[in-house]
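S.K.:
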Amino acid sequence: MIRMTEPSKITAQSIPDHQPAAGGIAARARASVGPKYLSGLNPEQREAVETLDGPVLVLAGAGTGKTRVLTTRIAHILSQGRARPSEILSVTFTNKAAREMKHRLGLMLGHAVEGMPWLGTFHSIGGRILRTHAELAQLKSNFTVLDVDDQVRLLKQLLQAENIDDKRWPARMLAGLIDGWKNRGLMPSQVPPGEAAVFGNGKGGKLYASYQERLKILNAADFGDLLLEDIRIFREHPDILRQYQQRFKYILVDEYQDTNVAQYLWLRLLSQAPSSFTSPRVRGEVASRRDAGEGDSPSTELLETAPHPDPLPVKDGEREKSPHTKNICCVGDDDQSIYGWRGAEVDNILRFDHDFPGAKVIRLERNYRSTGHILAAASHLIAHNEGRLGKTLRTEDQDGEKVTVTGSWDSEEEARGIGEEIEQLQRQGEKLNEIAILVRASYQMREFEDRFVTLGLPYRVIGGPRFYERAEIRDALAYLRVINSPADDLAFERIVNVPKRGLGDATVQMLHDHARKRRIPLFEAARAVVETDELKPKARGSLRDVVAQFDRWRAQREITAHTDLAQIVLDESGYTEMWQKDRSADAAGRLENLKELVRSMEEFENLQGFLEHISLVMDRDGGAEDDAVSLMTLHSAKGLEFDNVFLPGWEEGLFPSQRTLDEQGRAGLEEERRLGHVGLTRARRRAKIYFATNRRIHGTWSTTIPSRFLDELPAANVEITESKGGSAWGGTGGYGASRFDDMEAFGSSYTTPGWQRAQANRSQANRNRGQATGQGRDGGGFEEAASSFSSSSSSPDFGSFSSRRRGPLTIEGELVAKSTGTTSEFSLSDRVFHQKFGYGRVTKVDGNKLTIAFDKAGEKKVVDSFVQRA
DNA sequence: TCCTATTCTTGAATT
DNA sequence: AAGAATAGGA
1 MIRMTEPSKI
11 TAQSIPDHQP
21 AAGGIAARAR
31 ASVGPKYLSG
41 LNPEQREAVE
51 TLDGPVLVLA
61 GAGTGKTRVL
71 TTRIAHILSQ
81 GRARPSEILS
91 VTFTNKAARE
101 MKHRLGLMLG
111 HAVEGMPWLG
121 TFHSIGGRIL
131 RTHAELAQLK
141 SNFTVLDVDD
151 QVRLLKQLLQ
161 AENIDDKRWP
171 ARMLAGLIDG
181 WKNRGLMPSQ
191 VPPGEAAVFG
201 NGKGGKLYAS
211 YQERLKILNA
221 ADFGDLLLED
231 IRIFREHPDI
241 LRQYQQRFKY
251 ILVDEYQDTN
261 VAQYLWLRLL
271 SQAPSSFTSP
281 RVRGEVASRR
291 DAGEGDSPST
301 ELLETAPHPD
311 PLPVKDGERE
321 KSPHTKNICC
331 VGDDDQSIYG
341 WRGAEVDNIL
351 RFDHDFPGAK
361 VIRLERNYRS
371 TGHILAAASH
381 LIAHNEGRLG
391 KTLRTEDQDG
401 EKVTVTGSWD
411 SEEEARGIGE
421 EIEQLQRQGE
431 KLNEIAILVR
441 ASYQMREFED
451 RFVTLGLPYR
461 VIGGPRFYER
471 AEIRDALAYL
481 RVINSPADDL
491 AFERIVNVPK
501 RGLGDATVQM
511 LHDHARKRRI
521 PLFEAARAVV
531 ETDELKPKAR
541 GSLRDVVAQF
551 DRWRAQREIT
561 AHTDLAQIVL
571 DESGYTEMWQ
581 KDRSADAAGR
591 LENLKELVRS
601 MEEFENLQGF
611 LEHISLVMDR
621 DGGAEDDAVS
631 LMTLHSAKGL
641 EFDNVFLPGW
651 EEGLFPSQRT
661 LDEQGRAGLE
671 EERRLGHVGL
681 TRARRRAKIY
691 FATNRRIHGT
701 WSTTIPSRFL
711 DELPAANVEI
721 TESKGGSAWG
731 GTGGYGASRF
741 DDMEAFGSSY
751 TTPGWQRAQA
761 NRSQANRNRG
771 QATGQGRDGG
781 GFEEAASSFS
791 SSSSSPDFGS
801 FSSRRRGPLT
811 IEGELVAKST
821 GTTSEFSLSD
831 RVFHQKFGYG
841 RVTKVDGNKL
851 TIAFDKAGEK
861 KVVDSFVQRA
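Each residue of the first sequence is one higher than the one before, counting from 1 in UniProt numbering.
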């Protein structure tokens, strides 16, 4: 709990005696040696750290020490006395990244960084600013941050009020549109009329406006508002903007390529500096204020400077130049921009020096992660993109192993092959923690999971639905929200009938009418209605109990710790019981999550504080303590690294994703390619790519074509290998003259205008081929291949081929081979529980291999160590 | 109010 | 093919 108010406390070794006037001289005198924290940096990194004045863009390629530069830069600013911790604004996208920075800063400075109040995510900082000036956005400072569920529920009500068929115009779609507008910094009045009209027969714009009104009434904001309302406040109140501009002497932005327009505008407003604001002045400021204590009041001198005109909303392709920008440092990599689909504007990074004139651009191109072959492959691939700033990653590491490309007959063989390679790596002494499988689409994971369960290979899935998005967490939060603010209608509505209390739609509708007539919150309406005869006795009694319970909990709140209160609420409401009674596979996990939620409340002082931050901060960190293979999407792999990376599913349609191509055209293709680049650059020593000839897409088997990206890999760095999962190609390697056969026609045609349609036709043709009996395969290769699968006989057509895949996904021979011979502690018809498949009954015992009929998941073969007695 | 039948949808997933 | 989400009927 050390607050870093005294720069001299920062660290004994690295920070000189703090004489502001002499600080520069001292620094210069030391320049040849430099402070300790600079010593390990290469020249470019060092330049990025030491260029403190003016806008800086650091183009940090994968594995070039981006986070290190950011944290060292902060340390440098502090140690040079350029600013105090509270005067540095440092934004990231994810809580994880923010935590990581805090952690590393702590290591560098020698203690916890409690004194960096403005290091956080865009949304947490935006929210913090909004809470400070909430009244200017017609909100109270304790406003609720809505989750997507609440948002959709609210929009549904609005659609109903407008008599719009929410079948034809789903609330989710509107939520998406509004989110998109907010990402682009557009208030309701600024939405281009044409766009606003596309929803609900021209009512889109009006709905957006009334949604905003409703939010104010509910004292709520959505994620977009946390930035958008800030922007509006900054524009309408130049004095407030000026306060922040003066407070933030230095701005640092992580992952700049992922910023959307709203974030860009927000940053630019904050980064405009009053013109007399020069660095020597800053130093003086710090010095004089240090004696004055924490006070942040700006000097009169600075206030005299007229503010610069607000930036205009971004017009198409036209951005206003901001004449005076202060010390903003954005770090990013245009080649790793993979979030265009959720509003990120690669343009922000591509146009940085236009937006921030006089910007210094520093390229970090020395890669410290991957071997030569991997880096060459990744660089060669990404070089096919046109819209990029251009970097050439290089390494001093050895060439290492070539990137492998392996073809399989189908996705199951692919999974089997990868499973075997992993076991082999394991035998060679590789840590499972250093092995990752990166897929394009999450549905690819299932096959691997099935395979790993069969093999008894520990794995962990990273990503997926977020912790606080889970139904049980949101339910629990809704209870707490109603206790905290009785006017939270959305929360109340969510839980009135959870667990079931016989308060269905009819009752809720009635409450709504009542509430609207009297202009009171739902909860108060409930309290009133209970006193009348308007409800049936059963519902009435039930509702009365609910009201009484909440009254009691609210009274208890004063005298009970908030964690205890949460536990009491969950128990007394019957919510815990509801899940205890539930026999479905994930009930146990849900109860565990609830426990975790209560536990996580301890970090907050009280209920209020907890609720304010929960929607912004809640994420679960998977326990990384066990040695396990990581399984995740390419997207969630960004920022991570592993010794061994497996990249399955490099097929046209899947990767690059057909849908991206259809929707985004060339830009989409480039984003997919960047995704490939991200995938390859995650690998330190081994990168292994796979493609399958047949894959089941939405239930039907299709023949697929190797990804065009395979042809874009440099031959010199790539080795084509045999699938180890059984030779699918009759042992010939079967790739024909061109390395990836069909690719030749493709590689040359995809740049022409007609390529998209050709693409669509082709995959359509494939689908048809796959469905027609016996047509989808070439020659007899399949039969031979099939005979090596024990779970499938030589099925003559794809129809039975697919049905053959059901049931136990197991290869008998391997199971026997793996069997340890020890007898299992389980016996026939034992009731067991499995982490993933839930409850089931043992139907067969074979050594330590059990066949279990799961209640939900069907029959599976699993290793006994994966189940416990139910 | 609950249960069943039908329809829809199936890319990534922060805050 | 399968799961979720809805609508409609008992």
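Glycine included, C-beta positions come from ideal geometry on N, C-alpha and C. Given the structure is predicted, the values throughout are model-derived calculations rather than measurements.
Count the other C-beta atoms from every protein chain shown that fall within 10 angstroms of the C-beta of HIS237, then say buried if there are 16 or more, exposed otherwise.
M.R.: Classification for HIS237: exposed.
S.K.: Just verifying my parser: in three-state terms, what is the DSSP assignment at ILE77?
M.R.: ILE77: helix per DSSP, three-state reduction.
S.K.: Please return the same chain residues whose Cβ sits closer than 7 Å to the Cβ of VAL152, not counting the five positions on each side in sequence.
M.R.: Excluding positions up to five away in sequence, the list reads ALA171, ARG172 and ALA175.
S.K.: Is it the case that the Cβ atoms of THR404 and LYS688 are separated by a distance below 9 Å?
M.R.: Yes; because the gap between Cβ atoms is below 9 Å, this pair is in contact.
S.K.: Quick check on PHE691: does DSSP put it in helix, strand or coil?
M.R.: The answer is strand: DSSP assigns PHE691 an E or B state.
S.K.: For the putative contact between ALA273 and ILE231, defined by C-beta atoms under 8 Å, what is the C-beta separation to the nearest angstrom?
M.R.: Contact flag wrong, Cβ pair sits at about 18 Å.
S.K.: Tell me whether the beta-carbon of ILE382 lies closer than 9 Å to the beta-carbon of ASN717.
M.R.: Not closer than 9 Å, so no.
S.K.: Which same chain residues, not among the five before or five after GLU47, have their C-beta less than 8 Å away from its C-beta?
M.R.: Hits under 8 Å: ILE362.
S.K.: For ASN606, count neighbouring Cβ atoms within 10 angstroms of its own Cβ and tell me buried if that reaches 16, exposed if not.
M.R.: Exposed: under 16 other Cβ atoms inside 10 Å.
S.K.: Can you round the beta-carbon distance between LEU389 and LEU59 to whole angstroms, since I take them to be within the 8 Å contact cut?
M.R.: Going by Cβ atoms, the distance from LEU389 to LEU59 rounds to 6 Å, so yes, they are a contact pair.
S.K.: State the Cα-Cα distance for the pair ARG366 and MET632, rounded to the nearest angstrom.
M.R.: The straight-line gap from Cα to Cα measures roughly 27 Å.
S.K.: Express the C-alpha separation of TYR208 and ARG501 in angstroms, rounding to a whole number.
M.R.: Their backbone Cα atoms lie some 34 Å apart in a straight line.
S.K.: For ARG394, which residues in the same chain have their Cβ closer than 8 Å to its Cβ, ignoring the five residues on either side in sequence?
M.R.: Once the five neighbours on either side are set aside, the close Cβ partners of ARG394 are GLU365, ARG366, ASN367 and LEU375.
S.K.: Would the region 457-470 and the region 491-500 be scored as touching if the rule is three or more Cβ pairs under 8 Å?
M.R.: Because the criterion of three Cβ pairs below 8 Å is not met, the region 457-470 and the region 491-500 do not touch.
S.K.: Round the Cβ separation of residue 881 and VAL331 to the nearest angstrom and send it over; I've been treating them as touching at under 8 Å.
M.R.: In the structure displayed, the chain extends from 1 to 870; residue 881 sits before or after that span and is not available.
S.K.: Mind pulling the alpha helix (DSSP H) runs of 4 or more residues that sit fully within the region 139-178?
M.R.: Runs found: 148-161.
S.K.: According to DSSP, is THR700 helix, strand or coil?
M.R.: In this structure, THR700 counts as strand in the three-state DSSP scheme.
S.K.: Got a sec, what are the start and stop residues for the beta strand (DSSP E) ASN327 sits in?
M.R.: Element bounds for ASN327: 327-332.
S.K.: How many angstroms separate the CA atom of GLY407 from the CA atom of LYS638?
M.R.: The straight-line gap from Cα to Cα measures roughly 25 Å.
S.K.: Name the residue from ARG369, PRO357 and GLU386 whose alpha carbon lies nearest to the alpha carbon of ALA683.
M.R.: The shortest C-alpha separation from ALA683 is found at ARG369.
S.K.: Any idea what DSSP makes of LEU109, helix, strand or coil?
M.R.: If DSSP states are grouped into helix, strand and coil, LEU109 belongs with the helices.
S.K.: State the Cα-Cα distance for the pair PRO499 and ILE473, rounded to the nearest angstrom.
M.R.: Approximately 14 Å, taken between the alpha carbons.
S.K.: Using a threshold of 9 Å, state whether the C-beta atoms of VAL629 and PHE452 are closer than that.
M.R.: Yes; because the gap between Cβ atoms is below 9 Å, this pair is in contact.
S.K.: If we count the other Cβ atoms within 10 Å of its Cβ and call it buried at 16 or more, is GLU229 buried or exposed?
M.R.: Buried, because 16 or more other Cβ atoms sit within 10 Å of the Cβ of GLU229.
S.K.: Going straight from the alpha carbon of VAL617 to that of SER829, what length do you get?
M.R.: Roughly 44 Å separates the two Cα atoms.
S.K.: What would DSSP say about PRO188, mapped onto helix, strand or coil?
M.R.: Looking at PRO188 - three-state DSSP - the assignment turns out to be helix.
S.K.: Please check the pair GLY180 and GLY343, which I expect to be a contact at CB under 8 Å, by giving their CB distance rounded to whole angstroms.
M.R.: With 8 Å as the limit, GLY180 and GLY343 qualify as a contact, their Cβ atoms being about 6 Å apart.
S.K.: Could you tell me whether the region 418-429 touches the region 695-711, using the rule of 3 or more Cβ pairs below 8 Å?
M.R.: Touching, no.
S.K.: Which residues does DSSP list as the beta-bridge partners of MET632?
M.R.: Per DSSP, LEU438.
S.K.: How about ASN95 and SER141: do their beta carbons lie closer than 9 Å?
M.R.: No.
S.K.: Taking ASP347 as part of the alpha helix (DSSP H), name the residues at either end of that continuous run.
M.R.: ASP347 -> alpha helix (DSSP H) spans 346-350.
S.K.: For LYS156, I'd like the list of residues in its chain whose CB is within less than 8 Å of its CB, leaving aside the five on either flank, ordered along the chain.
M.R.: Around LYS156: ASP166 and ALA171.
S.K.: When you compare only the Cα positions, how much space is there between ARG518 and ARG481?
M.R.: Between ARG518 and ARG481, the C-alpha separation is close to 22 Å.
S.K.: Buried or exposed for GLY317, going by 16 or more other Cβ atoms inside 10 Å?
M.R.: In this predicted model, GLY317 has a pLDDT of only 35, less than 50, meaning its place in the structure is not dependable; the value taken from the coordinates is given anyway. By the neighbour-count rule (16 or more Cβ atoms within 10 Å), GLY317 is not buried but exposed.
S.K.: Compute the beta-carbon to beta-carbon distance between ALA75 and MET108, rounded to the nearest angstrom, for a pair I have assumed lies under 8 Å.
M.R.: Correct: roughly 5 Å between the Cβ atoms.
S.K.: What first and last residue would you give for the beta strand (DSSP E) that runs through GLU719?
M.R.: Looking at the DSSP string, the run of the beta strand (DSSP E) that includes GLU719 is 718-721.
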